[in-house]
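The structure appears below as structure tokens.
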Amino acid sequence: MELKVNDLHKSFDGNEVLHGVSFSISSGKALGLLGRNGAGKSTTIRILMDVFKANQGEILMDGQPFHASEYNIGYLPEERGLYPKKKVSEQLIYLAMLRGTTRTQAKNNLKKWLKRLGIEEYENRVLDTLSKGNQQKVQLAQTLMCNPDIVILDEPFSGLDPVNSQILKEVVQEQIEAGKLVIFSSHQMNYVEEFCENIVILHHGQVVLEGNLKQIKKEYGKNRLVLRSTSSQEVFKDILLNKCVNLLKVFEEREEGYIVELLPNVSKKDVLMKLLEFGVDLDVFQVYEASLTDIFVAKAGDEE
Amino acid sequence: MKQFFLVIKFELETMMRKKSYLLSIVLIALAAFVLLSMPRFFNDKKENQDGKNNQVTESKDKDMLIYDNQGILSGLEFVEQSFPDYNIALEDDLSVLKNKVEDGSVDAGIELQEPLKFVYHVKNSSLNDRTAVYFQEVLQQQYQVNALKELNYDALKVNEIYHSSANYETNVLGTDGVNNYFYTYILIFVLYMMILLYGNQIAVSVASEKSNRAVEILVTSCSPNAMIFGKVIAGAIAGAVQTILILGSCLIAYHINADVWNHVLDPFLNIPTVVWVTFALFGIFGYLLFSFLFGAIGALCSKVEEVNGATMPIQLLIIAVFFISFITLQNPNDLLSTIVSYVPLTSWMCMFINVALGSVTVIEIIISLVILVLTTFAIGMIGAKLYRRGTLSYGNSMKLTHLFKMMKQKN
């Protein structure tokens, strides 16, 4: 399965919140849908789920118009939503049956997922008597109970402790390996880096970056170096900031060293020669490998 | 359709398992049973008291002295009949009578001054003391007997003539407005309470799903039409079951106690089938119409606490309809009653009243019902649309203008 989102536009009361969002995703791969609060992630997901209609644009599944109701979709919304005063089993079976599962099948799947998530003893407990983490696992069981072909997870790790996060990580990984089409939205970049082959960064309703994560990271670090000296830090800083201005731009000062960006047509060798010329005693001179957080901040951080 | 029935089942289970639902049935049914059985207790008490009074007559624990120096009372027969618990004696000396009353050795002293004038002497007066009133009746009775005797009339015969009454029967050829008034009044009150209580419950149910964000899962798993129609119809069933159980318990309680009520309510309970059918049909669709409105309003609230304020206009509308129905109840055949019997916002209550108390043809009932059904369906569809849009709009409560905008929006 290949899902293509083309040029989505959406307005609320004349206020355009999506300005031509496009991306694609295939089965067996996870797409990280990233963006700051209010960037348009949830609106995009809601359009995918057919909660809202787009004002413009199209969504295609294998080249055909995509209608959420025709697919088995597991959706974990950002705003968790279940009945707090109902028993776990009662509400999960009801929601699974609303999605077309038979009662017997729903009961079997419920047992399977509660066991898989380590919460089988809470089957007949009222939801709001469970801890936040266990409620989150119940929500995940609801998402996966109908064995969906498409899994949409909006902030699935929020409220989970490290042990439960590990269980959830394994479950998400299983879904990807099972060939599901997974859309993963999170602010926790380390999880996105673990799961997602591709990412889309939305900013103010526009796609500011899209593509293969490894490729993006490679591209992003191509012209950047990490430099650290054993010489006086003040002297080293002065050299970088004032004496190498025609070669590089200091991007950030970190514990591991200065992150610098080479100016166009400047090679790494040119920088090394210049620093040696100034007598700098270098102990780190390496290509910078950007983290997703760096890329995210660079693309979706404040303009100022 | 499967989703629709699933929603009905789930909502019904949720409503019917609520302690408040079960408790209200038990408590109201119990209260109705106790209230309808009250006359039985009072009668038993009265009978006991009557028995006690007989014993008291024998014991006569109070004393009364009468000063009658003119011989106005020809005997103490009437006085003893009216004051069975008194020892009654005549006293020739007025000052002795007053002293005995004052020192408490007698409870009442009567000083007869003229055939129709007396003074009641009592140590301490009390609001509950009826002695003077009873003695006034005795004196009047004595006066009438004496006067009739002087004219050579038989006092018993005259009394019989004056208290004779004429009997009549009413043969109702059309609508029995007198008997029907009572049950019509009860039924419109039941309908009114049902819509107010359950309508609000539906609004709360929708708002709480929005508040706990379950709605996001629901709208992506189920069609909004199945959702809102399922919720409203589940509410209707729960309300109907509760009403039937409460009314049923009232009827059972009445039948058990019918003898102590002297079967006084029997004629009122012979409700004609056409009235039952009209009540059921118009009641159901009226209930659904307002429930859809309540559901849609609930979807516009972000928190459960906002529901009461938001549903206030609908509640006021229902109260207004209730008052209009009272006008219809008084004048079922006038122009206003005819008009409100066709307007869908009022016909659910007023057409039923017209059928019970006025003169309405079957075709008029059908026309009014068709208008009501179509309006209910249209409101249901609008309600579903508002439900879908409203449930995903969080933040400030919506204004009426926003509501109309939502209804116009295509997507």
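Sequences listed follow chains U and F, in order. In terms of the working numbering, the first sequence has 369 at position 256, counting the first letter as 1, and numbering is strictly consecutive. In terms of the working numbering, the second sequence has 1583 at position 211, counting the first letter as 1, and numbering is strictly consecutive. Where a beta carbon is used, it is the ideal one built from N, C-alpha and C, also for glycine.
- Taking a contact as a CB-CB distance under 8 Å, the pair residue 360 of chain U and residue 376 of chain U counts as one, their CB atoms being some 6 Å apart.
- For residue 1699 of chain F, no CB of chain U lies under 9 Å from its own CB, so it is not counted at the interface with that chain.
- Under the Cβ distance rule, residue 258 of chain U does not count among the residues neighbouring chain F, no pair being separated by less than 9 Å.
- Interface flag for residue 1588 of chain F against chain U is set, since a Cβ pair is found closer than 9 Å.
- Residue 296 of chain U counts as buried, since no fewer than 16 other beta carbons sit within 10 angstroms of its beta carbon.
- None of the residues of the segment 380-412 of chain U has a beta carbon lying less than 9 Å from any beta carbon of chain F.
- By the Cβ test, the segment 1576-1593 of chain F is in contact with the segment 151-164 of chain U, since at least three Cβ pairs between them sit closer than 8 Å.
- In this structure, residue 224 of chain U sits near residue 233 of chain U, with a CB-CB distance shorter than 9 Å.
- The way I'd put it, the segment 401-411 of chain U doesn't touch the segment 1564-1584 of chain F; fewer than three beta-carbon pairs between them come closer than 8 Å.
- Taking 9 Å as the CB threshold, residue 192 of chain U lines the interface with chain F.
- Residue state for residue 275 of chain U is assigned as helix, using DSSP reduced to three classes.
- One Cα belongs to residue 1496 of chain F, the other to residue 1621 of chain F, and the distance between them is close to 49 Å.
- With respect to chain U, the C-beta atom of residue 1585 of chain F has a partner C-beta closer than 9 Å.
- Residue state for residue 179 of chain U is assigned as coil, using DSSP reduced to three classes.
- Each of U/136, U/300, U/122, U/314 was checked against the Cα of residue 167 of chain U, and the nearest Cα belongs to U/122.
- Within the same chain, and ignoring the five residues on either side of residue 169 of chain U in sequence, the residues whose Cβ sits closer than 6 Å to its Cβ are 122.
- By the beta-carbon neighbour count (other beta carbons within 10 angstroms, threshold 16), residue 183 of chain U is exposed.
- In the DSSP assignment, residue 1465 of chain F falls outside any alpha helix (DSSP H), carrying neither H nor E.
- Residue state for residue 1489 of chain F is assigned as strand, using DSSP reduced to three classes.
- The beta carbon of residue 1748 of chain F does not come within 9 Å of any beta carbon belonging to chain U, so the residue lies off that interface.
- Membership of residue 1672 of chain F in the alpha helix (DSSP H) is indicated by the continuous run 1645-1672.
- In the structure shown, the three-state DSSP call for residue 186 of chain U is strand.
- Beta bridge pairing from DSSP links residue 342 of chain U with U/395.
- The shortest CA-to-CA distance from residue 146 of chain U to any of U/274, U/338, U/213, U/298 is the one to U/298.
- The beta carbon of residue 238 of chain U sits no closer than 9 Å to any beta carbon of chain F.
- The continuous alpha helix (DSSP H) containing residue 304 of chain U extends over residues 302-308.
- CA-to-CA, the gap between residue 213 of chain U and residue 117 of chain U works out to about 26 Å.
- Counted as a single uninterrupted DSSP element, the beta strand (DSSP E) harbouring residue 319 of chain U occupies residues 319-325.
- Within the model, the alpha-carbon separation for residue 387 of chain U versus residue 311 of chain U is close to 38 Å.
- Contact holds between the segment 1481-1494 of chain F and the segment 1509-1522 of chain F, because three or more Cβ pairs, one in each stretch, are under 8 Å apart.
- In the three-state DSSP reduction, residue 145 of chain U falls in the strand class (E or B).
- In terms of Cβ geometry, residue 1752 of chain F and residue 1623 of chain F do not form a close pair [threshold 9 Å].
- Considering only beta carbons, the part of the segment 199-211 of chain U lying closer than 7 Å to chain F consists of 207, 208, 210, 211, in chain order.
- Straight-line measurement puts the Cα of residue 247 of chain U at about 42 Å from the Cα of residue 1749 of chain F.
- Nearest C-alpha to residue 1637 of chain F among F/1433, F/1444, F/1625, F/1648: F/1625.
- Beta bridge pairing from DSSP links residue 170 of chain U with no other residue.
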